[in-house]
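Trainee:
Protein chains: 2
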Amino acid sequence: MTHPSHEAAVEVITAALDRGDLVTVAGLCTVDYSGRASSTLGPGERHVMLKPDGTAMVHTVEGRQPVNWQPPGCEHEVDLADGRLRIVSTRSTPEERLVVEFERLLQASAFGLADEEDLSLSGTHEDLKDRVLEDPGRIEPGFTPLATERETPAGAVDVYGEDADGRTVVLELKRSRAGPDGVGQLERYVDALRRDLHADAEVRGVLVAPSATDRARRLLAERGLEFVSLAPDTDDDA
Amino acid sequence: MTHPSHEAAVEVITAALDRGDLVTVAGLCTVDYSGRASSTLGPGERHVMLKPDGTAMVHTVEGRQPVNWQPPGCEHEVDLADGRLRIVSTRSTPEERLVVEFERLLQASAFGLADEEDLSLSGTHEDLKDRVLEDPGRIEPGFTPLATERETPAGAVDVYGEDADGRTVVLELKRSRAGPDGVGQLERYVDALRRDLHADAEVRGVLVAPSATDRARRLLAERGLEFVSLAPDTDDDA
DNA sequence: GCCTAGGTCCCGTTC
DNA sequence: GAACGGGGCCTAGGC
């Protein structure tokens, strides 16, 4: 529907949401949000999408991110407020509320989209882990993985194993160039294991990624941690 | 346009992109992506949005995140491949390519959206920082901020100052409940300053957030770091 | 429900 | 351009 009346839009959108359709509305609107934070957005023309799973998104002409949104699981309400289309999307835990009020409508649409297919993605963290487990010698000769996602008081370690000399080795994997945060994680895990295992146990920590930033490498060195270059696939940004 | 021909859609979309409009296309399509990772998505009905800033998004009926996308700065190309509408969005640094091929078209639309307004957001990290600087006594009596974003070899510190006894104090701020990563950051900064300043200089580290997880508190304690509960606004999730 | 870490994260800022 | 940290991050997986 192009340039629908507010009344007609309310009818059509309500029916579409009941049907489980994906709804889009474009027009001049204001947006208010309150919840984990709060925001207001003055009048402007935007594109709004409501999904049957409770997602709401308000897109402006710029940016990958919606200017305002509501995550899946929300309740969408559509009504006429002062003769104008109003969309209210709410949830609890946390309590959040998104209100879009339209002054002028450009278009309202409903789509019943049939989609059975799942995305097939490669080049992920999981692919990197597989590559390590498939051929642990890629880390170093004699490295033997013993567990993945091994729990420590500081969190779960990506790969836990031992080296040729029987020393404990902790691997922290990053699918792309590693930064200071990855070093921080690795250090926390190594620290935790040193406390947990016998005091005399040697624990090595290895950051595994296609590459690492200068600061990450400096932090590794300062903490006696190591780096091994390895990418999930046949990438080459080392 | 509802159920447009592929030929007509190519014409309309090309003209709209030249005009700087936001374009949406809904229909049965396949999607292929390669770049930082790579993915394929078999035939299904989805909603595609192309923005004049070079953003592309493919949305299914579920999820806040698009199933495939391209960030701002890309080049959109639209053409007829084997008589079918094809959208190719590419960029360099990194080299990335998104291809959407349509088998059937449900709708194609173009929107010239006028929007001058900026989002006004509150409850942010910045608001928390302001709150600290406004009344440093909220951290503790006698705390004096000396700098924000002070650089250290491990990164920039949120707030740098000194306590009533003249000891250096580092604050790491989190707008919402703090976890292990925040402790890792704080520790890196404190470590770096202890190395940088005179060896005898005492450096205290304080995590400032509305609340912290159990593990974060344990990590703080183990490292001799502190916690102060403070929220950006009048929140109350401590 | 909370916690934890990954993400093709995106995004702004700074160098 | 790379890098670093924040985000109303979102999302999947555990517990």
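Protein sequence lines, in the order shown, are assigned to chains A and B. Going by the working numbering, the first residue of the first sequence is number 14, and it counts up by one from there. Going by the working numbering, the first residue of the second sequence is number 14, and it counts up by one from there. Even for Gly, the Cβ is constructed at its ideal location relative to N, Cα and C. What you are looking at is a predicted structure, and each value in this text was computed from that prediction instead of being measured.
Run through the DSSP bridge pairs and tell me what Y46 (chain A) is partnered with.
Mentor: For this step, residue 46 (chain A) is matched to residue 33 along the first sequence. Paired residue(s): A:S52 and A:L111.
Trainee: Could you check whether A121 (chain B) and M14 (chain B) sit closer than 9 Å to each other, using their CB atoms as the reference points?
Mentor: Against the second sequence, residue 14 (chain B) aligns to sequence position 1. Against the second sequence, residue 121 (chain B) aligns to sequence position 108. In this structure, A121 (chain B) lies closer than 9 Å to M14 (chain B) by Cβ.
Trainee: Return the chain-ordered list of same chain residues with a C-beta closer than 8 Å to the C-beta of P166 (chain A), the five sequence neighbours on each side being excluded.
Mentor: Indexing the first sequence from 1 puts residue 166 (chain A) at position 153. Correct list, in chain order: A205, R208 and D209.
Trainee: Under the three-state reduction of DSSP, which class applies to D204 (chain A): helix, strand or coil?
Mentor: For the purposes of this step, residue 204 (chain A) is identified with residue 191 of the first sequence, where counting begins at 1. It is helical.
Trainee: I'd like to check one pair, G55 (chain A) with L98 (chain A): are the Cβ atoms closer than 9 Å?
Mentor: What you label residue 98 (chain A) is simply residue 85 of the first sequence in a count that begins at 1. What you label residue 55 (chain A) is simply residue 42 of the first sequence in a count that begins at 1. Not a contact, by the Cβ cut-off of 9 Å.
Trainee: Would you say the segment 181-190 of chain B touches the segment 132-150 of chain B, given that touching needs at least three Cβ pairs under 8 Å?
Mentor: Touching, yes.
Trainee: Quick one: Cα of L30 (chain A) to Cα of Q198 (chain B), how far?
Mentor: Numbered from its first residue, the first sequence carries residue 30 (chain A) at position 17. Numbered from its first residue, the second sequence carries residue 198 (chain B) at position 185. Rounded to the nearest angstrom, the two C-alpha atoms are 45 Å apart.
Trainee: Any idea which residues DSSP pairs F240 (chain A) with across the strands?
Mentor: The sequence position of residue 240 (chain A) within the first sequence is 227, counting from 1. Bridge partners of F240 (chain A): A:L220.
Trainee: Which of helix, strand or coil does DSSP assign to I152 (chain A)?
Mentor: As a working note, residue 152 (chain A) is residue 139 in the first sequence. In this structure, I152 (chain A) counts as coil in the three-state DSSP scheme.
Trainee: Evaluate G57 (chain A) with the Cβ neighbour count: other Cβ atoms within 10 Å of its Cβ, from every protein chain shown; 16 or more gives buried, anything less gives exposed.
Mentor: By one-based count along the first sequence, residue 57 (chain A) stands at place 44. G57 (chain A) comes out buried.
Trainee: Chain A partners of R115 (chain B), CB-CB under 8 Å?
Mentor: In the second sequence, the residue the question calls residue 115 (chain B) occupies position 102. Per the sequence shown, the amino acid found at residue 115 (chain B) is Phe instead of Arg. Within chain A, no residue comes near F115 (chain B); the closest Cβ sits about 13 Å away, beyond 8 Å.
Trainee: Whole angstroms is fine: what's the gap from V203 (chain A)'s alpha carbon to G33 (chain B)'s?
Mentor: The residue labelled residue 203 (chain A) in the question sits at position 190 within the first sequence. The residue labelled residue 33 (chain B) in the question sits at position 20 within the second sequence. So the alpha carbons of these two residues sit roughly 53 Å apart.
Trainee: In whole angstroms, what separates the C-alpha of V101 (chain A) from that of H89 (chain B)?
Mentor: Sequence index remark: in the first sequence, residue 101 (chain A) carries index 88 (1-based). Sequence index remark: in the second sequence, residue 89 (chain B) carries index 76 (1-based). Each residue's Cα considered, the two are about 33 Å apart.
Trainee: When you check each C-beta in the segment 154-168 of chain B against every C-beta of chain A, which residues fall closer than 9 Å?
Mentor: Of all residues in the segment 154-168 of chain B, P166, A167 and G168 have a Cβ within less than 9 Å of some Cβ in chain A.
Trainee: Can you tell me whether DSSP reads P140 (chain B) as helix, strand or coil?
Mentor: If you number the second sequence from 1, residue 140 (chain B) lands on position 127. It is worth fixing the name first, because residue 140 (chain B) is Asp in this sequence and not Pro. In this structure, D140 (chain B) counts as helix in the three-state DSSP scheme.
Trainee: Taking one C-beta from the segment 221-234 of chain A and one from the segment 153-165 of chain B each time, how about it: are there three or more such pairs within less than 8 Å?
Mentor: Output reads no: the segment 153-165 of chain B does not touch the segment 221-234 of chain A.
Trainee: Quick check: the segment 65-77 of chain B against the segment 139-156 of chain B, are there 3 or more CB pairs under 8 Å?
Mentor: Flag = no, the segment 65-77 of chain B and the segment 139-156 of chain B do not touch.
Trainee: Using only the alpha-carbon positions, how far apart do K142 (chain B) and F156 (chain B) sit?
Mentor: Along the second sequence, read from residue 1 onward, the residue named residue 142 (chain B) stands at position 129. Along the second sequence, read from residue 1 onward, the residue named residue 156 (chain B) stands at position 143. Going by the C-alpha atoms only, they are around 14 Å apart.
Trainee: Just curious, the beta strand (DSSP E) that A69 (chain A) is in, first and last residue?
Mentor: By one-based count along the first sequence, residue 69 (chain A) stands at place 56. A69 (chain A) -> beta strand (DSSP E) spans A69 to H72.
Trainee: Check each candidate in B:V182, B:A94 and B:E116 and name the one with the smallest Cα separation from G218 (chain B).
Mentor: Start at 1 with the first residue of the second sequence, and residue 218 (chain B) comes out as number 205. Out of B:V182, B:A94 and B:E116, B:V182 has the C-alpha closest to the C-alpha of G218 (chain B).
Trainee: Determine the closest residue to A214 (chain B) out of B:V25, B:A244 and B:D176, with distance taken between C-alpha atoms.
Mentor: Along the second sequence, read from residue 1 onward, the residue named residue 214 (chain B) stands at position 201. Per the Cα distances, B:D176.
Trainee: Taking beta-carbon pairs under 9 Å, can you tell me which members of the segment 122-151 of chain B lie near chain A?
Mentor: Taking 9 Å as the Cβ-Cβ cut-off against chain A, the residues of the segment 122-151 of chain B that qualify are S122, F124, G125, L126, A127, D128, E129, E130, D131, L132, S133, L134, S135, G136, T137 and D140.
Trainee: Looking at chain B, is there any beta carbon in it that lies within less than 9 Å of the beta carbon of V219 (chain A)?
Mentor: Locating residue 219 (chain A) in the first sequence gives position 206, counting from the first residue. No - not a single Cβ of chain B is within 9 Å of the one on V219 (chain A).
Trainee: At 9 Å on the CB atoms, spell out the chain A contacts of A39 (chain B), in chain order.
Mentor: Taking the first residue of the second sequence as position 1, residue 39 (chain B) is located at position 26. Per Cβ cutoff of 9 Å: L35, T37, S122, F124 and L126.
Trainee: Determine, using beta carbons only, whether G174 (chain B) and A191 (chain B) come nearer to each other than 9 Å.
Mentor: By 1-based counting over the second sequence, the position of residue 174 (chain B) is 161. By 1-based counting over the second sequence, the position of residue 191 (chain B) is 178. Not a contact, by the Cβ cut-off of 9 Å.
Trainee: Can you give me the Cβ contacts of A22 (chain A) inside the same chain, cut-off strictly under 6 Å, excluding the 5 residues immediately before and after it?
Mentor: Position 9 of the first sequence, counted from the start, is the residue given in the question as residue 22 (chain A). So the list reads L98, L118 and A121, once near-sequence residues are dropped.
Trainee: In whole angstroms, what is the alpha-carbon distance linking L134 (chain A) and V241 (chain B)?
Mentor: For this step, residue 134 (chain A) is matched to residue 121 along the first sequence. For this step, residue 241 (chain B) is matched to residue 228 along the second sequence. Taking the straight line from one Cα to the other gives about 42 Å.
Trainee: Counting only Cβ pairs nearer than 8 Å, list the residues of chain A close to T68 (chain B).
Mentor: Taking the first residue of the second sequence as position 1, residue 68 (chain B) is located at position 55. Simply E75, G76 and R77.
Trainee: Starting from the C-beta of E239 (chain A), find all residues in its chain whose C-beta is less than 6 Å away, skip the five residues before and the five after it, and write them out in chain order.
Mentor: As a position in the first sequence, residue 239 (chain A) is number 226, starting the count at 1. Correct list, in chain order: V219.
Trainee: Please classify R49 (chain A) as buried or exposed, where buried requires at least 16 other C-beta atoms within 10 Å of its C-beta.
Mentor: The count along the first sequence starts at 1 and reaches residue 49 (chain A) at position 36. Burial call: exposed.
Trainee: Could you list which residues in chain A have their beta carbon closer than 8 Å to that of R59 (chain B), in chain order?
Mentor: By one-based count along the second sequence, residue 59 (chain B) stands at place 46. Within 8 Å Cβ-Cβ: L126 and D128.
Trainee: So, for F124 (chain B): in the same chain, excluding its five sequence neighbours on each side, which residues have a beta-carbon less than 7 Å away from its beta-carbon?
Mentor: Along the second sequence, read from residue 1 onward, the residue named residue 124 (chain B) stands at position 111. Result list for F124 (chain B): D34 and L35, in chain order.
Trainee: Would you please state the rounded distance, in angstroms, between the beta carbons of H60 (chain A) and T43 (chain A)? I believe it to be under 8 Å.
Mentor: By 1-based counting over the first sequence, the position of residue 60 (chain A) is 47. By 1-based counting over the first sequence, the position of residue 43 (chain A) is 30. Between T43 (chain A) and H60 (chain A) the Cβ distance is about 15 Å, and since that is not below 8 Å, they are no contact.
Trainee: What is the residue span of the beta strand (DSSP E) that T181 (chain A) lies within?
Mentor: Taking the first residue of the first sequence as 1, we reach residue 181 (chain A) at position 168. Looking at the DSSP string, the run of the beta strand (DSSP E) that includes T181 (chain A) is T181 to L186.
Trainee: Taking C-alpha atoms, which residue in A:R77, A:Q83 and A:G76 lies nearest to E75 (chain B)?
Mentor: In the second sequence, residue 75 (chain B) corresponds to position 62, counting from 1. Closest by alpha carbon: A:Q83.
Trainee: Does DSSP put D194 (chain B) in a helix, a strand or coil?
Mentor: The count along the second sequence starts at 1 and reaches residue 194 (chain B) at position 181. In the structure shown, D194 (chain B) sits in a helix (DSSP, three-state: H, G or I).
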